[in-house]
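J.: One structure follows; several queries about it will come next.
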Amino acid sequence: MAMATDEASTRVSYQVSLAREVRRVVDVPVVAGGLITGYDQAEMIIGTGDADMVVLARTILFDPNWPWRAAAALGVKFVCQSSIFASQPNLDIRMSRVAIPATIEDSIA
């Protein structure tokens, strides 16, 4: 199996062939990445069994709404839980439940 080079990393779906080979020999979910930008492209990778999931790192950074656009383009209907939007985040309450680690001085003593 070859590692991706700079030249290879400019091709669309450049790591999918590696994911396909890994998936043939392991019995765990496999993730594919590498310039996956199109809705149909991601659907095809999963649909053909080349990978179980796709990674959309730069794609999501460029367009954080990509998953919603993909769902609409592919005809997927989903419902967000309204409870997500029911209250304002309260960082103070959540942070009060976090254990404070020992300081460097405590661990030296």
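Each residue of the sequence shown is one higher than the last, beginning at 141 in this note's numbering. Glycine residues also receive a C-beta, built at the ideal position from the N, C-alpha and C atoms.
(1) Along the alpha helix (DSSP H) that carries V156, what are the first and last residues, could you check?
(2) For M193, list the residues DSSP reports as bridge partners.
(3) Look at the Cβ atom of S153, then the Cβ atom of I176, and state whether they are nearer than 8 Å.
(4) Terminal residues of the continuous alpha helix (DSSP H) containing G187?
(5) Thinking C-beta only, is A191 closer than 8 Å to V216?
(6) So what's L201 in DSSP terms, helix, strand or just coil?
T.: The answer reads as follows:
(1) 156 to 165
(2) V171
(3) yes
(4) Note, G187: alpha helix (DSSP H), 179 to 187.
(5) no
(6) Correct three-state label for L201: helix.
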